[in-house]
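If you number the sequence shown the way our numbering does, the last residue is 479 and the count never jumps.
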Amino acid sequence: MKRKPPTDPPGTHPAPTETRLSGLQIALRPLESLRTGRFRIYFLSMGLVFAGMQMNQMARLWFVYELTKSPLLLGITAAGDAIPMLTLSLFGGALADRLPKRNIILVGQICLAIMALAIAVDVKLGAIAWWHLALAAAFQGAVMSFIMPSRQALISELVDRPQLLNAVSLSTAEMNLNRILAPALAGFLIAGIGIVAVFLVMAGMYATSFLVMLLLPATRPVRSERRTVLRDMGDTFGYIRHRPVLFQLLMAALVASLFGMPLQRLLPVFSEDVLKVGPSGLGLLLSLMGLGALIGSVLTASLGDYQKKGLLFLILTLVFGAFIVAFSFSPIYLLSLALMLPVGVGSSGRSTVNVTLLQAYVDDSFRGRVMSLYMMEHGLQPLGLLPIAAAAEVIGAPIAVGISGAIVALYSLWALVFQPSLRKLA
Numbered sequence: 054m055k056r057k058p059p060t061d062p063p064g065t066h067p068a069p070t071e072t073r074l075s076g077l078q079i080a081l082r083p084l085e086s087l088r089t090g091r092f093r094i095y096f097l098s099m100g101l102v103f104a105g106m107q108m109n110q111m112a113r114l115w116f117v118y119e120l121t122k123s124p125l126l127l128g129i130t131a132a133g134d135a136i137p138m139l140t141l142s143l144f145g146g147a148l149a150d151r152l153p154k155r156n157i158i159l160v161g162q163i164c165l166a167i168m169a170l171a172i173a174v175d176v177k178l179g180a181i182a183w184w185h186l187a188l189a190a191a192f193q194g195a196v197m198s199f200i201m202p203s204r205q206a207l208i209s210e211l212v213d214r215p216q217l218l219n220a221v222s223l224s225t226a227e228m229n230l231n232r233i234l235a236p237a238l239a240g241f242l243i244a245g246i247g248i249v250a251v252f253l254v255m256a257g258m259y260a261t262s263f264l265v266m267l268l269l270p271a272t273r274p275v276r277s278e279r280r281t282v283l284r285d286m287g288d289t290f291g292y293i294r295h296r297p298v299l300f301q302l303l304m305a306a307l308v309a310s311l312f313g314m315p316l317q318r319l320l321p322v323f324s325e326d327v328l329k330v331g332p333s334g335l336g337l338l339l340s341l342m343g344l345g346a347l348i349g350s351v352l353t354a355s356l357g358d359y360q361k362k363g364l365l366f367l368i369l370t371l372v373f374g375a376f377i378v379a380f381s382f383s384p385i386y387l388l389s390l391a392l393m394l395p396v397g398v399g400s401s402g403r404s405t406v407n408v409t410l411l412q413a414y415v416d417d418s419f420r421g422r423v424m425s426l427y428m429m430e431h432g433l434q435p436l437g438l439l440p441i442a443a444a445a446e447v448i449g450a451p452i453a454v455g456i457s458g459a460i461v462a463l464y465s466l467w468a469l470v471f472q473p474s475l476r477k478l479a
């Protein structure tokens with residue numbers, strides 16, 4: 054008589070355990086890169102920097118308007134960081150390829166802490182003037198021109214390539230979360246403890262980020278041959294010219310930056326003149342865009358080592374442009390709020406995948422300089438904003454912004470059809 058094979062008692066079969074583990078792994082996939090200790094240190098340190106930057110921007114602009122009641126001076130201060138980022142980013146990238154990236158970030162963190170402390174002392178002494186804050190904006194732009202290329206390039210040294218999309222996505226999500234929370238925190242602190250204390254809090258954040266970054270082991274620069282920084286900067290354009298995929302990625306980022314990002318700066322026109330919802334309605338529009346950006350970052354983080362990144366990048370860019378067009382012609386506030394979510398998802402998602410692809414396909418010896426070219430596009434945003442704003446004066450904001458969004462969408466469609474090398478990037 055054959056014996057029956059043993060059966061597991063009820064509730065002890067291993068399959069459910071494997072299912073639960075699989076489900077847990079799926080749930081934790083967006084946090085995969087945080088399993089790496091070096092990336093955790095980086096993530097915490099840069100999170101404090103981003104929080105301080107967003108608080109600084111909000112407090113600085115609020116204080117300028119309190120001092121002057123002038124929209125023009127407010128605009129000058131708001132654009133104060135653009136020129137330094139445009140002119141110094143490539144130099145910062147060249148240094149990132151010659152010096153330990155961690156050390157460049159450390160110096161920048163100390164500079165930001167000193168700047169915040171100086172503004173606090175200036176206000177406390179009663180010597181503050183609006184142009185002091187404009188200079189502080191320019192100084193911050195100069196410092197970030199060195200921090201950001203090193204920050205972007207350092208990620209690839211902290212995680213393996215299969216984790217790169219996840220790590221970049223987490224870093225972007227961290228930035229987007231700070232865009233939502235840090236300005237609100239600054240507002241509450243200004244109302245509760247005053248503007249001087251807020252700048253002291255920022256200085257403390259920057260100093261703490263410096264101490265955390267000290268825990269990260271320094272990495273050696275890739276390049277060791279003796280060359281001038283200016284020659285390194287010049288070589289960057291030749292390097293890009295002979296690598297069509299990198300050129301295509303940078304061009305797509307430039308189009309999205311020039312013609313897509315002006316929407317955020319022109320939202321006050323929509324809230325006041327089109328949707329008639331005032332400043333509170335404007336705040337909700339910005340919050341929904343920020344929430345969409347956070348969702349986009351989390352979604353891309355959950356993809357892991359996705360093998361169709363080029364196609365994903367172009368689709369997200371298309372989503373970004375198409376929903377800008379839809380938003381620009383929406384006359385209903387609730388519909389406009391809903392449309393800001395996919396605008397944010399497309400904006401954050403395409404930026405995250407763009408950075409990931411640049412990191413994956415650039416040689417280590419050019420990584421800092423190529424990422425600095427990407428950062429320079431933030432300095433070029435006013436060049437797109439000014440003609441679109443001028444067109445809005447003549448033909449109205451909905452048509453002007455709608456045309457700019459259509460340019461982004463049409464460019465991505467063109468790239469999908471005529472740039473197969475970009476579309477097929479993995």
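Using N, Cα and C, we set each Cβ at its ideal position, and we do this for glycine too.
Residue i vs residue j beta-carbon contact at 8 Å
i    : j    : result
G345 : V398 : yes
N219 : S86  : yes
I377 : L320 : no
V408 : Y427 : yes
P202 : G145 : yes
G363 : R214 : no
S350 : N231 : no
S474 : P236 : no
L347 : A226 : yes
A173 : V249 : yes
L217 : A479 : no
L302 : L207 : no
V423 : L299 : yes
V251 : S98  : no
L223 : A354 : yes
R91  : I158 : no
A149 : G331 : no
G240 : M111 : yes
I233 : G100 : no
V322 : A443 : no
F419 : T289 : yes
I293 : W115 : no
Option nearest residue i by Cα separation, candidates the options
i    : options                : result
A187 : A132, L299, L143, S198 : A132
P153 : A112, A195, L84, L269  : L269
L439 : M424, G313, S389       : G313
L436 : S457, D417, R422       : S457
S425 : I136, G90, L143        : L143
M138 : L101, R155, A190       : A190
S324 : L97, S381, G179, A112  : S381
G374 : L463, S340, A391, A413 : L463
L433 : A135, G421, F199, M304 : A135
G194 : A239, Q107, W467       : Q107
S209 : I448, D417, F471       : D417
S389 : G421, F419, T370, L341 : L341
G402 : L387, I246, L352       : L352
N156 : F263, L387, G343       : F263
L466 : L369, G105, L238       : L369
R318 : L238, I441, R88        : I441
L267 : I94, V447, F471        : I94
Neighbourhood of residue i by C-beta distance below 8 Å, restricted to the same chain and skipping five residues each side
i    : result
I129 : A187
P63  : In this predicted model, P63 has a pLDDT of only 43, less than 50, meaning its place in the structure is not dependable enough to derive any value.
V327 : P384, A450, P451
Same chain, Cβ closer than 6 Å to residue i, neighbours up to 5 away in sequence not counted
i    : result
E430 : A306, L307, S310
A12  : The question about residue 12 has no answer, for the chain in this structure spans 54 to 479.
R113 : L186
M286 : L143, A147
L74  : With a pLDDT of only 44 at L74, under 50, the local geometry of the prediction cannot be trusted, and no value is derived from it.
A459 : V378
L77  : Unreliable positioning characterises L77 in this predicted model, as indicated by a pLDDT of 45, which lies under 50. The coordinate reading is nonetheless provided below. If we look at L77 and ignore the five residues flanking it on each side, it has no Cβ neighbours.
Beta-carbon proximity list for residue i, same chain, < 7 Å, skipping 5 on both sides
i    : result
P395 : G345, V372, F376
L469 : L367, R476
D61  : At D61, the pLDDT of 43 sits below 50, so the modelled position is not reliable; the number obtained from the coordinates is stated separately. So the list is empty, once near-sequence residues are dropped.
C164 : V196
L126 : V117, W183
L120 : W183
L365 : Y359, V406
I385 : none
L387 : none
T72  : Confidence is the limiting factor: at T72 the pLDDT is only 43, short of 50, which leaves the residue's position unreliable and the question unanswerable from this model.
T272 : P153, K154, R155, E210
query: How do the region 249-262 and the region 165-185 stand: do at least 3 beta-carbon pairs fall below 8 Å, yes or no?
result: With the cut-off at 8 Å, the region 249-262 and the region 165-185 touch.
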